[in-house]
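A quick write-up on the structure given underneath.
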Amino acid sequence: MQRTEQERIRRESLAALRALGIEPYPAAEFNVTHRSKRLASEFKDGMAVILAGRIMSRRIMGKASFAEIQDSEGTFQLYLNRDELCPGEDKAMYNTVFKKLLDRGDFIGISGETFTTQTGEQSVMVKELTVLSKSLKPLPAVKVDEDGKVHDAFADPELRYRMRYVDLVVNPGVKDTFEARSKVMQTIRQSFDGAGWLEVDTPVLQAIPGGAAARPFVTHHNALDIPLYLRIANELYLKRLIVGGFEGVYEFSRNFRNEGMDRTHNPEFTVMELYVAYKDYHWMMETTENLLSDICQAVHGDTKATLNGTEIDFAPPYRRVTMRDAILEHTGVDIDGKSEEELRAACEQVGIETDDSMGKGKLIDELFGEKCEHHYVQPTFIMDYPVEMSPLTKVHRDNPAYTERFELMINGTEVANAYSELNDPDDQRQRFEDQLTLSERGDDEAMFIDQDFLRALEYGMPPTSGIGIGIDRLVMMLTDQTSIQEVLLFPQMRPEVFDQGPDEKGLQALGIPEAWTPHLVGAGFDRPEALDGLSPGGLREKLNGYRKKNKLDIPALTLEEVESWLSA
RNA sequence: GACCUCUUAGCUCAGCUGGUUAGAGCAUCUCACUUUUAAUGAGAGGGUCCUGGGUUCGAGUCCCAGAGGGGUCACCA
Numbered sequence: 004m005q006r007t008e009q010e011r012i013r014r015e016s017l018a019a020l021r022a023l024g025i026e027p028y029p030a031a032e033f034n035v036t037h038r039s040k041r042l043a044s045e046f047k048d049g050m051a052v053i054l055a056g057r058i059m060s061r062r063i064m065g066k067a068s069f070a071e072i073q074d075s076e077g078t079f080q081l082y083l084n085r086d087e088l089c090p091g092e093d094k095a096m097y098n099t100v101f102k103k104l105l106d107r108g109d110f111i112g113i114s115g116e117t118f119t120t121q122t123g124e125q126s127v128m129v130k131e132l133t134v135l136s137k138s139l140k141p142l143p144a145v146k147v148d149e150d151g152k153v154h155d156a157f158a159d160p161e162l163r164y165r166m167r168y169v170d171l172v173v174n175p176g177v178k179d180t181f182e183a184r185s186k187v188m189q190t191i192r193q194s195f196d197g198a199g200w201l202e203v204d205t206p207v208l209q210a211i212p213g214g215a216a217a218r219p220f221v222t223h224h225n226a227l228d229i230p231l232y233l234r235i236a237n238e239l240y241l242k243r244l245i246v247g248g249f250e251g252v253y254e255f256s257r258n259f260r261n262e263g264m265d266r267t268h269n270p271e272f273t274v275m276e277l278y279v280a281y282k283d284y285h286w287m288m289e290t291t292e293n294l295l296s297d298i299c300q301a302v303h304g305d306t307k308a309t310l311n312g313t314e315i316d317f318a319p320p321y322r323r324v325t326m327r328d329a330i331l332e333h334t335g336v337d338i339d340g341k342s343e344e345e346l347r348a349a350c351e352q353v354g355i356e357t358d359d360s361m362g363k364g365k366l367i368d369e370l371f372g373e374k375c376e377h378h379y380v381q382p383t384f385i386m387d388y389p390v391e392m393s394p395l396t397k398v399h400r401d402n403p404a405y406t407e408r409f410e411l412m413i414n415g416t417e418v419a420n421a422y423s424e425l426n427d428p429d430d431q432r433q434r435f436e437d438q439l440t441l442s443e444r445g446d447d448e449a450m451f452i453d454q455d456f457l458r459a460l461e462y463g464m465p466p467t468s469g470i471g472i473g474i475d476r477l478v479m480m481l482t483d484q485t486s487i488q489e490v491l492l493f494p495q496m497r498p499e500v501f502d503q504g505p506d507e508k509g510l511q512a513l514g515i516p517e518a519w520t521p522h523l524v525g526a527g528f529d530r531p532e533a534l535d536g537l538s539p540g541g542l543r544e545k546l547n548g549y550r551k552k553n554k555l556d557i558p559a560l561t562l563e564e565v566e567s568w569l570s571a
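Yeah, the first sequence ends on 571 if you go by my numbering, and it's all consecutive.
In structure tokens form, the structure reads like this:
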């Protein structure tokens, strides 16, 4: 691993600090009296304050300097004067430590006195400076000018997501998104706990990945010697708890789905699921709109949020549209009473491709997803889904072709999915079997049958309404982000390949003579792994070719030598 | 999985129809400077032009293959 010049210089500074008797990574706690934001709001000249944080900029002007220190709340300006910081003869703390050995990114603690500069900037005159942690890598130098224009932004999404720690330090606003996310979850917890519902934890590793239709991640349990699946949903477990007698249960469930990744999908994502006994989906709609309104209030202090230039109003009530009406309005197709063949024809007619594995549910889903979904920008409940696409939902009280299910659409995206839960065990068994038929037709996302869940229903589940709210997407809606990566601290990325540098010792361990190892590195075989799977003849030819080309003064290799390395 | 596109200094990016020693700003280093704020002035160092082939007298630039990223679509929440 090659170090850059800047890194080498910082390591030299690190050593110089130690030579001066200053520990760059001290163990002792450092207690502050203020943080930047609060200090700014309570600011008066002449306050004695202690602050800690990262040096984000330095403006050195001979015997006086200004520096920006960044803590968890924001930044604050420091004024460092040589003779204030070093009242005695020894000026090393200013001349050497501050001016030469400290860098942008270092953590320091300071104590001093507040004052206002001639230009009117709130500042702290530093009397004492403590080195708290030396930073060995230079932070990207993002600068914001007077017009608020950002220069040299650290904007490459790959680097931002791979090194979120740098992103958080350097890009203003990134923290706000995650604070908003925390506020969303806090508001939900407060609301549900206040209602007397119980927050629970259910298995992430499941023998049967149930509760949704999706491709799961598979792993293996060694002791039991069985495959286990990372949960795609927690729904069936929460319903078992309703069977067990809890009136309301909820869980923030990290779900895992082995599917594509894009702006709205990450392999792991968070869904808040809530189940409440003796309720139906109408009650759940009211509960949901009130909850979202509270959440938006908590985040923005208002029920309105701006998303993609459009104002979204989270104040209840939300529009309620049946799926049949939605499809009728946007495609002219009335799905009511249509057979599979008729629906397939209708799809083809509006330009949707179909294939034989698609059943009625899937066809209707396509009609809605392709032609209707994107129209619903303001929060809208799409209700009464066809029975074929809702295997866990109770049939509609007025029409058995539909179910009591709704999805909440915001900005053309599904944010929540809720039902009057199916609690008739025989009906549930039949629906699972219908799914099995779909699976045999080639739908690899059809649901598995969970026999234990069916048994639980046979013991009796009260009428229940349940909902799953996509937390990541909700946070996107509330923070004006268009990609899910922006609301996940560490979104999924292809693993990074680190350059480990040459491993001459490892090569020698294979029996390669010391005279040859530097040349193997030179020829591109810089680690033992680089030789894996090579044929002895080919390797010998390459190395002897390298020897000839570079006129090396060592004997040519024999086939036996090379064979012995590769068999080592 | 398909298509489009990108990869040049620590960071952000220029680099024309292929042509001397590959540039800028910031960052870094040296010097000056006691109220600055994208501080300023003077000077210096810093490059595997993603990797591997090919075309050519000559490749950062053109061609092929590969790696990684981004975007669009498909699947999905």
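We put the beta carbon where it would ideally sit given N, CA and C, even for glycine. In this text, all values refer to a predicted model and were calculated from it rather than measured experimentally.
### Task
Grab me the residues of residue 552's own chain with a C-beta within less than 7 Å of its C-beta, minus the 5 sequence neighbours each way, in chain order.
Below a pLDDT of 50, predicted positions are generally treated as unreliable, and residue 552, at 48, falls in that range; no measurement from the model is reported.
### Task
Give every residue of the same chain whose Cβ lies closer than 8 Å to the Cβ of residue 160, excluding the five residues on either side of it in the sequence, and list them in chain order.
Residues 488 of the same chain have their beta carbon placed closer than 8 Å to that of residue 160, with the five preceding and five following residues left out of the count.
### Query
Can you list the beta strand (DSSP E) stretches of 3 or more residues lying completely in the segment 356-391, in chain order?
For the segment 356-391, whole beta strand (DSSP E) runs of length 3 or above, ordered along the chain, are 383-386.
### Query
Does DSSP put residue 125 in a helix, in a strand, or in coil?
Looking at residue 125 - three-state DSSP - the assignment turns out to be strand.
### Message
Am I right that residue 128 and residue 174 are in contact with their C-beta atoms under 8 Å? What's the rounded C-beta distance?
### Response
Not confirmed; about 30 Å, so no contact.
### Message
Ignoring anything shorter than 3 residues, give me the beta strand (DSSP E) runs that lie fully in the segment 272-347, in order along the chain.
### Response
Fully enclosed beta strand (DSSP E) runs of 3 or longer: 307-310, 313-316, 322-325.
### Query
Can you tell me the Cα-Cα spacing of residue 136 and residue 219, whole angstroms?
Whole-angstrom Cα-Cα distance: 43 Å.
### Query
Hey, which unbroken runs of the beta strand (DSSP E) at 3 residues or more fall wholly within the segment 113-199?
The segment 113-199 contains these whole beta strand (DSSP E) runs: 125-136.
### Query
Measuring CB to CB, does residue 188 end up less than 9 Å from residue 470?
No, these two residues do not count as a Cβ contact at 9 Å.
### Neighbourhood of residue 305 by C-beta, 8 Å cutoff - its chain only, sequence neighbours within 5 removed
In the same chain as residue 305, and ignoring 5 residues on each side of it, the C-beta atoms closer than 8 Å to its own belong to 299, in chain order.
### Query
Beta-carbon separation of residue 367 and residue 385 under 9 Å?
At a Cβ-Cβ threshold of 9 Å, residue 367 and residue 385 do not count as neighbours.
#### Entry: Local conformation of residue 485 per DSSP, three classes
Coil at residue 485, not helix or strand.
### Task
Return the chain-ordered list of same chain residues with a C-beta closer than 7 Å to the C-beta of residue 205, the five sequence neighbours on each side being excluded.
Closer than 7 Å at the Cβ level, and outside the excluded window around residue 205, lie 237, 240, 241, 254.
### Beta-carbon proximity check, residue 110 vs residue 57, cutoff 9 Å
In this structure, residue 110 sits near residue 57, with a CB-CB distance shorter than 9 Å.
### Straight-line Cα distance separating residue 134 from residue 29
One C-alpha to the other measures close to 8 Å.
### Query
Where does residue 20 sit, in a helix, a strand or coil, going by DSSP?
In the displayed model, residue 20 falls within a helix according to three-state DSSP.
### Nearest residue (CA-CA) to residue 170, options 492, 512, 562, 496
Residue 492 is the option with its Cα nearest to residue 170.
### Query
Quick one: what's got a C-beta closer than 6 Å to residue 8's C-beta in the same chain, skipping five residues either side?
Result list for residue 8: empty, nothing under 6 Å.
### Query
Does the beta-carbon of residue 568 have 16 or more other beta-carbons within 10 angstroms, so that it is buried, or is it exposed?
By the 10 Å Cβ count, residue 568 comes out buried.
### Message
Does residue 254 come out as helix, strand or coil in the three-state DSSP assignment?
### Response
The three-state secondary structure of residue 254, taken from DSSP, is strand.
### Message
Pairs of beta-carbons, one from the segment 405-417 and one from the segment 371-385, closer than 8 Å: are there three or more?
### Response
In short, these stretches touch, since the Cβ pair count reaches three.
### Pairwise C-alpha distance: residue 297 and residue 105
Across the structure, residue 105 and residue 297 are spaced so that their CA atoms are roughly 46 Å apart.
### Query
Is the closest heavy atom of the ligand NAP to the C-beta of residue 405 under 8 Å?
Although the ligand NAP was asked about, the structure shown includes no ligands whatsoever.
### Task
List the whole-angstrom C-beta distance separating residue 233 from residue 208, where the pair is believed to meet the contact cut-off of C-beta under 8 Å.
Confirmed, about 7 Å.
### Task
Identify whether residue 396 lies in helix, strand or coil by the three-state DSSP scheme.
Strand at residue 396.
### Task
Tell me residue 420's beta-bridge partners as DSSP assigns them.
Partner residues in the beta bridge of residue 420, as assigned by DSSP, are 410, 471.
### Message
Determine whether the beta carbon atoms of residue 51 and residue 114 lie at a separation below 9 Å.
### Response
Cβ atoms of residue 51 and residue 114: closer than 9 Å.
### Task
Express the C-alpha separation of residue 101 and residue 19 in angstroms, rounding to a whole number.
Straight-line Cα distance between these residues: approximately 12 Å.
### Message
Looking at residue 124: is its Cβ nearer than 9 Å to the Cβ of residue 80?
### Response
Taking C-beta atoms as the reference points, residue 124 and residue 80 count as a pair closer than 9 Å.
### Query
What residues are listed by DSSP as bridge partners for residue 265?
Under DSSP, residue 265 shares a beta bridge with 268.
### Query
Using the beta-carbon count (16 or more within 10 Å), is residue 121 buried or exposed?
With a threshold of 16 other beta carbon atoms within 10 Å, residue 121 falls short and is exposed.
### Message
Let me confirm a value: residue 554 is counted as buried when at least 16 other C-beta atoms fall within 10 Å, else exposed. Which label applies?
### Response
For residue 554, the predicted model reports a pLDDT of 48, less than 50, meaning its position is unreliable and no value from the coordinates is stated.
### Pairwise C-alpha distance: residue 309 and residue 193
About 25 Å.
### Query
Which one of 402, 440, 98, 108 has the shortest CA to CA distance from residue 340?
That would be 402, whose Cα lies nearest to the Cα of residue 340.
### Query
Can you give the Cα-Cα distance for residue 13 and residue 315, rounded to whole angstroms?
Residue 13 and residue 315 have their C-alpha atoms some 49 Å from each other.
### Query
According to DSSP, is residue 562 helix, strand or coil?
Under the three-state reduction of DSSP output, residue 562 falls in the helix class.
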